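Residue numbers (the working numbering), protein chains in the order written: chain Y, -7 to 196; chain C, -7 to 196; chain H, -7 to 196. These notes concern the structure reproduced below.
What follows is the structure in structure tokens.
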């Protein structure tokens, strides 16, 4: 039986990372809704959130360096930090690619996809503090999995739209890349939920 | 030295997951061979196999929740369950994308690629029960690796065909996405074999 | 406290894998610089490096089979071996796709991207022997992370070039696939650095 001290430091840091994901997703939701000329300012704020995410990840890993005993396996703490970081990285990549390609309009369903990411982000931000007790987490991974399935459906509709023959090939390629990053962000939320699930299985 | 009880429950569940992969791959082999109008019924059966795969994965993870001691590291059991699930997910995605884009004909080499997946599935279904003793598994990962190399060759020929200049760009994009899922399924078999290899290295 | 024998065998093998990555990257740097007709010979040498990488990986895993005690967790040794192999696999894939599609010219920025890979390879080859003491490794993962960020920038410029409207869609698709493999190689170096970082966190 391992010692499981209630070292609140890690839970605080995971809560910071979770809150930052909620911030980044809110910026993304604005980004896909505003006119083209307002994108630059939101891209700047997304980049800020991406840096804040990096800082949160590094803070967790440095705490791991210092800690003599840890509430979960060191490796799981490391992996959860990395997975949380992935979420923001994909959203940031979607914003960067949109800035790079600068399409006039994004397909309407992009907003539906981002709405799902907003829900995932809220669930994730709410779940992080519950790592301290590992209680009431089952709903988290069940709901994230359901939302990921919904995201899959919306993604397939987006593909159908892009390939309906009314867009030129280069535009399809560009928009598809942006949409693929958003779909990867939904997958990344599922990977966060998988790590939390795996921790719960091992520790409880 | 850890206790390694011969808890047959896990091996039974992995055998179920392995058998389901064989079923799903047989459905896929039919799907790529039938005329367009018969695809819908096979897509329905693939979706059934995909759900059965999810159920098998969940059964393994729930058993992990209940088990006090486990035949391998909890994490390896979890990872093997997830990797087995991935195989069916990629095959299901290939079928869904084919249904979505509804191309009249699939390139001839798609069948050659699926034939390799059928061989991988048989080897995997046969190997799962041998996890109980961890004996005679070396052939499994060696042969899966060889088949994955063959799949790679066929995949490259498919790319050459798609890019030979005789297809319009949107068709190339659609077919390439379908073919990419099949290639990912071959990779996913290799990842299953890698986990089995890694378990064998750690436990023997 | 686990026994941590200074079993030099593993460090020797990781050093061999690191040196092979440096060789493969040097071949890649030549490959992207020579005229089309000299590509075949370099592709042959890349394939040799890819086989040597496979051999190095297998030697590490066989040593893992034989070893009674290991300097790090068995799983981390396994993972590091696999991640090092990935680097060469992506570079080999870039070369194979270039041979397959045989484009007359590669975009100029491809050389800038490969230059970054050359730097990553040198850092990796130099870092492997330091695993024996786990000292002076922080610079390794910090610098690899910086180089991966640089690679990201160059990659985005390459996308901008490919999508500037002056290339036909099939050419864009082909070149993008080659460039994506190079970008994946940069990511793969980061994954190597992540595993080394994770080992250092756990073992020190």
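Heads up, the beta-carbon is just placed ideally off N, CA and C, and yes, glycines get one too. This one's a predicted model, so the numbers in the text were calculated from it and none came from an experiment.
Residue 61(Y): buried (16+ other C-beta within 10 angstroms of its C-beta) or exposed?
exposed
Does the separation of the CB atoms of residue 164(C) and residue 162(H) fall below 9 Å?
yes
Say whether chain Y places a C-beta atom closer than 9 Å to the C-beta of residue 190(H).
yes
Whole alpha helix (DSSP H) elements within the stretch 18 to 84 of chain H, 4-residue minimum
31 to 58
Quick check on this structure: which residue in 124(Y), 115(Y), 148(Y) has the alpha carbon closest to the alpha carbon of residue 133(Y)?
115(Y)
Count the other CB atoms within 10 Å of the CB of residue 151(C); is the residue buried (16 or more) or exposed (fewer)?
buried
Looking at the C-beta of residue 82(C), does it have a partner C-beta in chain Y at a distance below 9 Å?
no
I'd like to know if residue 186(H) contacts chain Y, where contact means its C-beta is closer than 9 Å to some C-beta of that chain.
yes
Using beta-carbon positions only, say whether residue 126(C) and residue 192(C) come within less than 9 Å of one another.
yes
First and last residue of the uninterrupted alpha helix (DSSP H) at residue 161(H)
161 to 195
Ends of the alpha helix (DSSP H) at residue 104(H)?
101 to 119
Test: residue 63(Y) CB closer than 9 Å to a CB of chain C:
no
Helix, strand or coil for residue 154(Y), going by three-state DSSP, please let me know.
helix
Between the alpha carbons of residue 53(C) and residue 183(Y), how many angstroms are there, rounded?
15 Å
Use the C-beta contact count for residue 141(H): other C-beta atoms within 10 angstroms, 16 or more gives buried, fewer gives exposed.
exposed
To the nearest angstrom, how far is the alpha carbon of residue 47(C) from that of residue 138(Y)?
15 Å
Return no unless some Cβ of chain C is closer than 9 Å to the Cβ of residue 151(H).
no
If the cut is a Cβ gap below 8 Å, which residues of chain C does residue 53(H) touch?
189, 193
Helix, strand or coil for residue 98(H)? Go by DSSP, reduced to three states.
coil
Taking the alpha carbon of residue 210(C) as the reference point, which residue from 188(C), 121(C), 178(C) has its own alpha carbon closest?
Residue 210(C) is absent from the structure shown; chain C starts at -7 and stops at 196.
Listed by chain order, chain H residues near residue 166(Y) by CB distance under 7 Å
155
For residue 139(Y), which three-state DSSP category applies?
helix
I need the DSSP call for residue 125(H), collapsed to helix, strand or coil.
coil
Contact under 9 Å by Cβ, residue 56(Y) with residue 70(Y)
yes
Taking 6 Å as the limit between beta carbons, can you name the residues of its chain near residue 120(C), skipping five residues before and five after?
6, 7, 10
Cβ atoms of residue 170(C) and residue 143(C): under 9 Å apart, would you say?
no
Nearest-angstrom Cα distance between residue 122(C) and residue 3(C)?
8 Å
Out of 153(C), 31(C), 146(C), which has the shortest C-alpha to C-alpha gap to residue 176(C)?
146(C)
Quick one: is residue 99(H) near chain C, going by C-beta distance under 9 Å?
no
Nearest chain Y C-beta to residue 196(H) closer than 9 Å, yes or no?
yes
What is the rounded straight-line gap between the Cα of residue 200(H) and the Cα of residue 196(C)?
Nothing about residue 200(H) can be reported from this structure: the residues present for chain H run from -7 to 196 only.
Per-residue burial, residue 25(H) [other beta carbons within 10 Å of its own, 16 or more giving buried]
exposed
Let's test the definition: count the other Cβ atoms within 10 Å of the Cβ of residue 49(H) and tell me whether it reaches 16, buried, or not, exposed.
buried
Can you name, in chain order, every residue of its own chain whose Cβ lies under 8 Å from the Cβ of residue 76(Y), other than the five neighbours on each side?
6, 9, 10, 13, 45, 48, 49, 116, 184
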